[in-house]
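First to last, the sequence lines map onto chains A and B. Reminder that position 67 of the first sequence reads as 78 in the working numbering, one-by-one numbering, no gaps. Reminder that position 165 of the second sequence reads as 176 in the working numbering, one-by-one numbering, no gaps.
There are 2 protein chains.
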Amino acid sequence: MAHDGDTRRAILDAAQRLVQRHGINGISFQHVADAVGIRKASLHHHFATKDDLVRALLERYAREFLARVDGLFQGPGDAPGKLRRYVGLFEATLRDEGGPVCLCGMLGAELAALRAPSVRAVGDFYRANAERLAALLEQGRRDGSLDFEGSAEQAGWLVVSLLEGAMLTVRAEGGASRFRAIGRQLLDLLGAP
Amino acid sequence: MAHDGDTRRAILDAAQRLVQRHGINGISFQHVADAVGIRKASLHHHFATKDDLVRALLERYAREFLARVDGLFQGPGDAPGKLRRYVGLFEATLRDEGGPVCLCGMLGAELAALRAPSVRAVGDFYRANAERLAALLEQGRRDGSLDFEGSAEQAGWLVVSLLEGAMLTVRAEGGASRFRAIGRQLLDLLGAP
DNA sequence: GTCTATAGCGCGATAGAC
DNA sequence: GTCTATCGCGCTATAGAC
Numbered sequence: 012m013a014h015d016g017d018t019r020r021a022i023l024d025a026a027q028r029l030v031q032r033h034g035i036n037g038i039s040f041q042h043v044a045d046a047v048g049i050r051k052a053s054l055h056h057h058f059a060t061k062d063d064l065v066r067a068l069l070e071r072y073a074r075e076f077l078a079r080v081d082g083l084f085q086g087p088g089d090a091p092g093k094l095r096r097y098v099g100l101f102e103a104t105l106r107d108e109g110g111p112v113c114l115c116g117m118l119g120a121e122l123a124a125l126r127a128p129s130v131r132a133v134g135d136f137y138r139a140n141a142e143r144l145a146a147l148l149e150q151g152r153r154d155g156s157l158d159f160e161g162s163a164e165q166a167g168w169l170v171v172s173l174l175e176g177a178m179l180t181v182r183a184e185g186g187a188s189r190f191r192a193i194g195r196q197l198l199d200l201l202g203a204p
Numbered sequence: 012m013a014h015d016g017d018t019r020r021a022i023l024d025a026a027q028r029l030v031q032r033h034g035i036n037g038i039s040f041q042h043v044a045d046a047v048g049i050r051k052a053s054l055h056h057h058f059a060t061k062d063d064l065v066r067a068l069l070e071r072y073a074r075e076f077l078a079r080v081d082g083l084f085q086g087p088g089d090a091p092g093k094l095r096r097y098v099g100l101f102e103a104t105l106r107d108e109g110g111p112v113c114l115c116g117m118l119g120a121e122l123a124a125l126r127a128p129s130v131r132a133v134g135d136f137y138r139a140n141a142e143r144l145a146a147l148l149e150q151g152r153r154d155g156s157l158d159f160e161g162s163a164e165q166a167g168w169l170v171v172s173l174l175e176g177a178m179l180t181v182r183a184e185g186g187a188s189r190f191r192a193i194g195r196q197l198l199d200l201l202g203a204p
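Put into structure tokens, the structure is as follows:
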């Protein structure tokens, strides 16, 4: 590799894909090294322990995903349209080869294998999404483009839990088309036109 | 042990608790044997391979959970009340010590580690729940005790995905109280009084 | 920064005594 | 049916040459 940063990025890319499919307990340094095309010892040079790798994966994933969400929510369009495209962010992941799910959905299931800082990072990711959704839902309800009962804050948490859960369940039954149908049903329940 | 069936049941009980907390990739025969108080080799006498153990766990879990659902849905009460108690079935699991989740929610995340028959068993569990929920939701909408947009079938899938997802996400952020709040929000969105 | 080699341990699974 | 002992392998992590 020409630059050290290139190898580091290649490792994170390969590791993320593998964890999204198999989980952190389902992969090893050997699997990641094989996918990158380097030796196991070289991987340890960039990430000394598995925990270091997990923390780097979580940091990058949350930063990039939330940047996309902010770009979407702060851009033009009404609340229902933004919600549809938000669901599309998850759906795009699911359509990739090998049935990957949201990194934080997978690690949420394997929470017992994570150290406290990573547990917090997973929870922070859920919370950051729920808060952004709550603001969007409240705005949509105020301007009349959405119509639903209950608090926008709890509705935001419901949307996060639903999308994380749907990514996991549809791999066993229904696939991406079922995920799309669940996304449409969610918009129906939130009173989107 | 007096009867062989007692040991078998003790193994299944211990293994289920461990898998619900750590996942199938997060436990070993050694962990299960320690929890039961027998040796690893004795465990292999009852379940020759890990796959045999997983299949037995799935068979028993689905049978017992769906029996509870059927008893609930076929009993007295209106649709909103039955839905509330259905959510309570999941909530009861979550309140136990050590943060266990639905066995099939956990195994849905670790689907890549399962053989085809177990993958089918997980999908069948989701489907069985979604179908029972769809019938209940449709009945509630017809008798006016529920009020929501979209197809009851898709709404059933939404409820399953939401509850499986919420069990996983609230372990990282919010705990059982957040799960209850999400359950209430779901009933709001479905037009329950 | 990448490599070969290896330490030290836990894993699933099996053999065979009692 | 439960046990001790062990096989062969994969794991995380490290040492040290290049």
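Even for Gly, the Cβ is constructed at its ideal location relative to N, Cα and C.
When we look at the beta-carbon of residue i and count the other beta-carbons within 10 Å, is it buried (16 or more) or exposed?
i: B/Gly119; result: buried
i: B/Arg102; result: Reading off the sequence, residue 102 of chain B comes out as Glu, not Arg. By the neighbour-count rule (16 or more Cβ atoms within 10 Å), B/Glu102 is buried.
i: A/Ala59; result: exposed
i: B/Met75; result: Checking the sequence, you will find Glu at residue 75 of chain B rather than Met. It is exposed - the Cβ of B/Glu75 has fewer than 16 other Cβ atoms within 10 Å.
i: A/Gly176; result: buried
i: B/His56; result: exposed
i: A/His209; result: Here chain A covers residues 12 to 204 and nothing more, so residue 209 of chain A does not appear.
i: B/Ala124; result: buried
i: A/Arg153; result: exposed
i: A/Gly186; result: exposed
i: A/Met12; result: Because the pLDDT of A/Met12 is 42, which lies under 50, any placement of that residue in the model is unreliable, and the number read from its coordinates should be weighed accordingly. Burial call: exposed.
i: A/Gly86; result: exposed
i: B/Gly48; result: exposed
i: B/Glu184; result: buried
i: A/Ala127; result: exposed
i: B/Gln41; result: exposed
i: A/Gly134; result: buried
When the cut-off is 8 Å and only beta carbons count, does residue i lie next to chain A?
i: B/Val246; result: Any answer about residue 246 of chain B is impossible in this case: the structure gives chain B only from 12 up to 204.
i: B/Glu70; result: no
i: B/Ala123; result: yes
i: B/Gln196; result: yes
i: B/Val98; result: no
i: B/Glu10; result: Because chain B in this structure spans residues 12 to 204, residue 10 of chain B falls outside the shown range and cannot be described.
i: B/Arg74; result: no
i: B/Gln41; result: no
i: B/Ser172; result: yes
i: B/Leu169; result: yes
i: B/Ile22; result: no
i: B/Gly151; result: no
i: B/Gln165; result: yes
i: B/Ala146; result: no
i: B/Thr180; result: yes
i: B/Val133; result: yes
i: B/Gly37; result: yes
i: B/Gly116; result: yes
Taking CB distances under 8 Å as the criterion, tell me whether residue i reaches chain B.
i: A/Val30; result: no
i: A/Asp199; result: yes
i: A/Gly176; result: yes
i: A/His55; result: no
i: A/Gln85; result: no
i: A/Glu160; result: yes
i: A/Ala187; result: no
i: A/His33; result: yes
i: A/Ala139; result: no
i: A/Val130; result: yes
i: A/Ala120; result: yes
i: A/Pro204; result: no
i: A/Ala192; result: yes
i: A/Gly82; result: no
Can you name, in chain order, every residue of its own chain whose Cβ lies under 7 Å from the Cβ of residue i, other than the five neighbours on each side?
i: B/Leu157; result: Ala90, Pro91, Leu148, Gly151, Leu201, Gly202, Ala203
i: B/Ala26; result: Val43, Leu64, Leu68
i: B/Glu121; result: Gly34, Ile35, Asn36
Report whether the distance from the Cβ of residue i to the nearest heavy atom of the ligand COA is below 7 Å.
i: B/Leu197; result: With respect to the ligand COA, the structure shown offers nothing to examine, as it has no ligands at all.
To which residues of the same chain is residue i closer than 8 Å at the C-beta, ignoring the five residues directly before and after it?
i: B/Met178; result: Phe101, Thr104, Leu105, Val112, Cys113, Gly116, Phe190
i: B/Leu83; result: Lys93, Arg96, Tyr97, Leu100
i: B/Ser129; result: Asp62, Val65, Arg66, Leu69, Leu118
i: A/Leu173; result: Ile193, Leu197
i: B/Val171; result: Tyr137, Asn140, Ala141, Leu144
Just to confirm my understanding: we take residue i, look at its own chain, exclude 5 residues before and 5 after, and list those with CB closer than 6 Å. What are they?
i: A/Arg182; result: Gly110
i: B/Gly194; result: Val98
- Segments assigned alpha helix (DSSP H), at least 4 residues, entirely inside the segment 122 to 188 of chain B: 127 to 153, 163 to 183
- Item | Residue ranges of each alpha helix (DSSP H) within the segment 32 to 87 of chain B, 4 or longer | 40 to 47, 51 to 57, 61 to 84
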